[in-house]
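First the structure, in the form of structure tokens, and then the observations on it.
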């Protein structure tokens, strides 16, 4: 059973600089010249790579928090659909914890409890009973019609032991470590369609920029990208991220609509058995609206 523990203060605010320094072209203006490739000297060795990853694993929103959010399903063909959800977050000794609640198009409530870390696990309640998801179920949409899965929320690849910095890439005009994670044998045997996962971390601020799921023939099959942040009080939080199926070109955008930070949540909020029960959101005056 997950147990809440002490949380190291987050450093996700540093990611703000990654995006604030991006360059946008005015309508009708000529596109900028293609920047030169970055020098590939002095790449981190295995020990330095482990240090980079350990620092990133302990980043995130500080303390316990609550988010109101929307999922905008944006198919390549067809109309946009908007789903509404809520998230309670925190950490325990194993890593980040998230309780996610979503309402689907049939007005059914779906709840997930996501444990990140070396002992990652996901539990689900969808109207009947609480169950722990097997590896195959991690790749099912969190609700029908969206591209986001429990695997995307959990990001277990961040703890795969085979990690190597491939190169220094240019992302949004800034250098980022392109770190390739190769799945363990047991995972690869169950999901041969996933050859590897590549994560881009800003070299200066160690902030997540993009995640690529790689399939056969080194083809990117899915992309997750953080596209906006918002300052709530003194804390920068993710405001928007895109999850895109590169095969179908369908996309789901995650948008935060409101946030309550520095909460003192009851331990039961993060217990799998409590997924069968409703959890009350913080008082309205604690929730700060996040404008589009």
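Numbering (the working numbering), first residue to last: 1 to 292.
Where is the CB? At the ideal position from N, CA and C, for every residue including glycine.
Residue i: first and last residue of the uninterrupted beta strand (DSSP E) it sits in
{"i": "residue 71", "result": "64 to 74"}
{"i": "residue 182", "result": "174 to 182"}
{"i": "residue 131", "result": "130 to 132"}
{"i": "residue 254", "result": "251 to 263"}
Bridge partner(s) assigned by DSSP for residue i
{"i": "residue 95", "result": "92"}
{"i": "residue 84", "result": "70"}
{"i": "residue 245", "result": "222"}
{"i": "residue 110", "result": "102"}
{"i": "residue 276", "result": "According to DSSP, which records beta bridges pairwise, residue 276 is partnered with nothing at all."}
{"i": "residue 198", "result": "180, 212"}
{"i": "residue 235", "result": "232"}
{"i": "residue 125", "result": "111, 130"}
{"i": "residue 79", "result": "Paired residues: none, contrary to the question."}
Cβ-Cβ distance between residue i and residue j below 9 angstroms
{"i": "residue 194", "j": "residue 213", "result": "yes"}
{"i": "residue 112", "j": "residue 275", "result": "yes"}
{"i": "residue 124", "j": "residue 150", "result": "yes"}
{"i": "residue 259", "j": "residue 232", "result": "yes"}
{"i": "residue 81", "j": "residue 147", "result": "no"}
{"i": "residue 263", "j": "residue 286", "result": "yes"}
{"i": "residue 269", "j": "residue 210", "result": "no"}
{"i": "residue 70", "j": "residue 58", "result": "no"}
{"i": "residue 164", "j": "residue 179", "result": "yes"}
{"i": "residue 60", "j": "residue 91", "result": "yes"}
{"i": "residue 86", "j": "residue 283", "result": "no"}
{"i": "residue 116", "j": "residue 156", "result": "yes"}
{"i": "residue 95", "j": "residue 120", "result": "yes"}
{"i": "residue 242", "j": "residue 227", "result": "yes"}
{"i": "residue 154", "j": "residue 198", "result": "no"}
{"i": "residue 63", "j": "residue 247", "result": "no"}
{"i": "residue 279", "j": "residue 99", "result": "yes"}
DSSP state of residue i mapped onto helix, strand, coil
{"i": "residue 204", "result": "coil"}
{"i": "residue 289", "result": "strand"}
{"i": "residue 18", "result": "The predicted position of residue 18 is uncertain, since its pLDDT is 29 and thus under 50; a value taken from the coordinates is nonetheless stated next. Note: residue 18 maps to helix in three-state DSSP."}
{"i": "residue 120", "result": "coil"}
{"i": "residue 284", "result": "helix"}
{"i": "residue 152", "result": "helix"}
{"i": "residue 240", "result": "strand"}
{"i": "residue 227", "result": "strand"}
{"i": "residue 26", "result": "Bear in mind that the predicted position of residue 26 carries a pLDDT of just 26, short of 50, making it too unreliable to give a figure here."}
{"i": "residue 146", "result": "coil"}
{"i": "residue 185", "result": "helix"}
{"i": "residue 5", "result": "Model confidence at residue 5 stands at a pLDDT of 36, short of 50, so the residue's coordinates are unreliable; what they give is reported in the following sentence. Three-state DSSP puts residue 5 in coil, outside helix and strand."}
{"i": "residue 192", "result": "coil"}
{"i": "residue 268", "result": "helix"}
{"i": "residue 158", "result": "helix"}
Heavy atom of the ligand ADP within 8 angstroms of residue i beta-carbon
{"i": "residue 98", "result": "Here there are no bound small molecules, and the ligand ADP is not part of this structure."}
Limits of the unbroken alpha helix (DSSP H) element including residue i
{"i": "residue 168", "result": "No alpha helix (DSSP H) holds residue 168; the beta strand (DSSP E) holding it covers 162 to 171."}
{"i": "residue 52", "result": "46 to 57"}
{"i": "residue 296", "result": "Nothing about residue 296 can be read from this structure; the chain reaches only from 1 to 292."}
Touch check for the region 154 to 161 and the region 182 to 191: three-plus C-beta pairs under 8 angstroms? yes
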